[in-house]
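Chains A and B, in that order, give the protein sequences. Sequential numbering of the first sequence, starting at 1, is according to our numbering. Sequential numbering of the second sequence, starting at 136, is according to our numbering. For glycine and all other residues, C-beta sits at the position ideal for the given N, C-alpha and C. Here is the structure we will look at, set down as structure tokens.
2 protein chains.
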Amino acid sequence: MSISQATELLRTAGIPVTQQRVEIVRAMLSFPTHLSADQVFARVRQSVPETSRATVYNTLKLFREKKLVRELIVDPERLVYDSNTSPHYHLYNAENGQLTDVSADELQVIGMPSLPPGLQLEEVDVIIRVRTRSG
Amino acid sequence: MSISQATELLRTAGIPVTQQRVEIVRAMLSFPTHLSADQVFARVRQSVPETSRATVYNTLKLFREKKLVRELIVDPERLVYDSNTSPHYHLYNAENGQLTDVSADELQVIGMPSLPPGLQLEEVDVIIRVRTRSG
DNA sequence: TTCTCTGCAAAAGCTTTGCAACATC
DNA sequence: GATGTTGCAAAGCTTTTGCAGAGAA
Numbered sequence: 001m002s003i004s005q006a007t008e009l010l011r012t013a014g015i016p017v018t019q020q021r022v023e024i025v026r027a028m029l030s031f032p033t034h035l036s037a038d039q040v041f042a043r044v045r046q047s048v049p050e051t052s053r054a055t056v057y058n059t060l061k062l063f064r065e066k067k068l069v070r071e072l073i074v075d076p077e078r079l080v081y082d083s084n085t086s087p088h089y090h091l092y093n094a095e096n097g098q099l100t101d102v103s104a105d106e107l108q109v110i111g112m113p114s115l116p117p118g119l120q121l122e123e124v125d126v127i128i129r130v131r132t133r134s135g
Numbered sequence: 136m137s138i139s140q141a142t143e144l145l146r147t148a149g150i151p152v153t154q155q156r157v158e159i160v161r162a163m164l165s166f167p168t169h170l171s172a173d174q175v176f177a178r179v180r181q182s183v184p185e186t187s188r189a190t191v192y193n194t195l196k197l198f199r200e201k202k203l204v205r206e207l208i209v210d211p212e213r214l215v216y217d218s219n220t221s222p223h224y225h226l227y228n229a230e231n232g233q234l235t236d237v238s239a240d241e242l243q244v245i246g247m248p249s250l251p252p253g254l255q256l257e258e259v260d261v262i263i264r265v266r267t268r269s270g
């Protein structure tokens, strides 16, 4: 993604543009990806070496609030950021950390319980955990 | 759960019996519960104050391997241990940490993708994330 | 000037590890 | 005595926070 495209995307989202944010957008949103905060940090460092880890972490939280990315909780070790914010599910291989999207057309959750009064649905996560076949 | 019941349970699972393990079984498996490692630690401390945090953490990992408990990854802050190891799903309120079981009879996942060759299904997690109604 | 953003370093929180002491068989 | 278990403290990791300086409006 070009710098001007990333800049435009930030403006549309109502986020003040800075060089770091542009680079974080480019790292996260150029292609569909699943990246940890530290992976984003490493990528951004390649273009802007004087970027701090704290800025990357804070910016990803900001992007999440603005719905530019989604946080995935699939691994106890680290949070993963997903560039795809539309409803979909995941297939996860803990052995190699590989995360694959499963579209919401393909897979459906039926029989959703009615929520107790006062509660509001936020989202439904489905994680299909797999491992390399042993036997 | 009585000490002798917990002891029997450990024997059946093929786990050498120790006082700490008996107390961890009693804390985790007397009733259906969802507890963090530290919550288990706090409970065990009440009966056996000279128990160390490391022992609780290690023992819970051991119990997971032996399928006495299940690890739930619902919150990036901490791991939660579930006393219910049979297939079921969860409703989670991040605001207060409350976790509720949803039975597999009630809720079903349909359209499971066929796994790439060499991969084996381990489990399917469904987490219904809710929050207190704002509007 | 005023407000926001950034970098650095330190802190925080959960979990694991190293090691010596202790139990158990 | 060999093996496995425990406690303690320290280390490890990811993530957050405090604060001063830099930048933008």
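Touching by the beta-carbon criterion (3+ pairs, under 8 Å), the segment 10-23 of chain A and the segment 80-87 of chain A:
no
With DSSP collapsed to three states, give me the class of Glu241 (chain B).
coil
Tell me the rounded alpha-carbon separation between Thr235 (chain B) and Tyr57 (chain A).
30 Å
What ranges does the beta strand (DSSP E) occupy inside the segment 206-242 of chain B, keeping only unbroken runs of at least 3 residues that lie completely in it?
215-217, 223-228, 233-238
I think Val261 (chain B) touches Leu107 (chain A), with their Cβ atoms under 8 Å apart; what is that distance to the nearest whole Å?
Contact doesn't hold; Cβ gap of about 11 Å is too wide.
Could you tell me which uninterrupted beta strand (DSSP E) segments, each at least 3 residues in length, are contained entirely in the segment 152-190 of chain B, listed from first to last along the chain?
169-171
Would you list the residues sitting across from Arg266 (chain B) in a DSSP beta bridge?
A:Gln120
Between Val183 (chain B) and Glu158 (chain B), is the Cβ-Cβ spacing less than 8 Å?
yes
Cut-off 8 Å between Cβ atoms - residues of its own chain near Val40 (chain A), not counting five sequence neighbours on either side:
Ile24, Ala27, Met28, Val56, Leu60, Tyr81
Examine chain B for any beta-carbon lying closer than 8 Å to the beta-carbon of Val69 (chain A), and answer yes or no.
Between Val69 (chain A) and chain B, the shortest Cβ-Cβ separation is not below 8 Å.
Mind checking who Val261 (chain B) pairs with in its DSSP beta bridge?
A:Val126.
What residue from A:Ala37, A:Val124, A:Arg131 has the CA that sits closest to Gly253 (chain B)'s CA?
A:Arg131
Looking at the unbroken alpha helix (DSSP H) that takes in Ile3 (chain A), where does it start and where does it end?
It spans 3-12 - the alpha helix (DSSP H) in which Ile3 (chain A) sits, taken as one unbroken run.
Report yes or no: is there a C-beta of chain A within less than 8 Å of the C-beta of Glu200 (chain B)?
Glu200 (chain B) does not count as touching chain A.
So, under 8 Å CB-CB, Phe91 (chain A) and Pro248 (chain B) are touching, yes? Tell me the CB distance rounded to an integer number of Å.
Contrary to the premise, residue 91 (chain A) reads as Leu rather than Phe in this sequence. That pair is a contact at about 7 Å.
For Leu226 (chain B), decide whether its Cβ has a neighbour in chain A, counting only Cβ atoms nearer than 8 Å.
Put simply, the CB of Leu226 (chain B) is near chain A, with a gap under 8 Å to one of its CB atoms.
Strictly below 9 Å CB to CB, what residues from chain B border Thr59 (chain A)?
One finds nothing in chain B with a Cβ atom closer than 9 Å to the Cβ of Thr59 (chain A); even the nearest lies about 17 Å away.
Using a Cβ-Cβ cutoff of less than 7 Å, which residues in the same chain neighbour Glu6 (chain A) once the five nearest sequence positions on both sides are dropped?
Reading off the sequence shown, one finds Ala at residue 6 (chain A), where the question assumed Glu. The residues are Val22, Val25, Arg26.
With a Cβ-Cβ cutoff of 8 Å, do Arg180 (chain B) and Glu123 (chain A) count as a contact?
no
Report yes if the C-beta distance between Ala239 (chain B) and Lys201 (chain B) is below 8 Å; otherwise report no.
At the C-beta level, Ala239 (chain B) and Lys201 (chain B) stay beyond 8 Å of one another.
Roughly how far, in whole angstroms, is the beta-carbon of His88 (chain A) from the beta-carbon of Val102 (chain A), given that I think they are within contact range, below 8 Å?
That pair is a contact at about 6 Å.
Using the Cβ count rule (16 or more neighbours within 10 Å means buried), how would you classify Phe31 (chain A)?
exposed
If you measure between the beta carbons of Asp38 (chain A) and Ile208 (chain B), is that distance less than 8 Å?
no
Say whether chain A places a C-beta atom closer than 8 Å to the C-beta of Arg188 (chain B).
False, the Cβ-Cβ gap to chain A never drops below 8 Å.
Going by beta-carbon coordinates alone, are Ile15 (chain A) and Leu62 (chain A) separated by less than 8 Å?
yes
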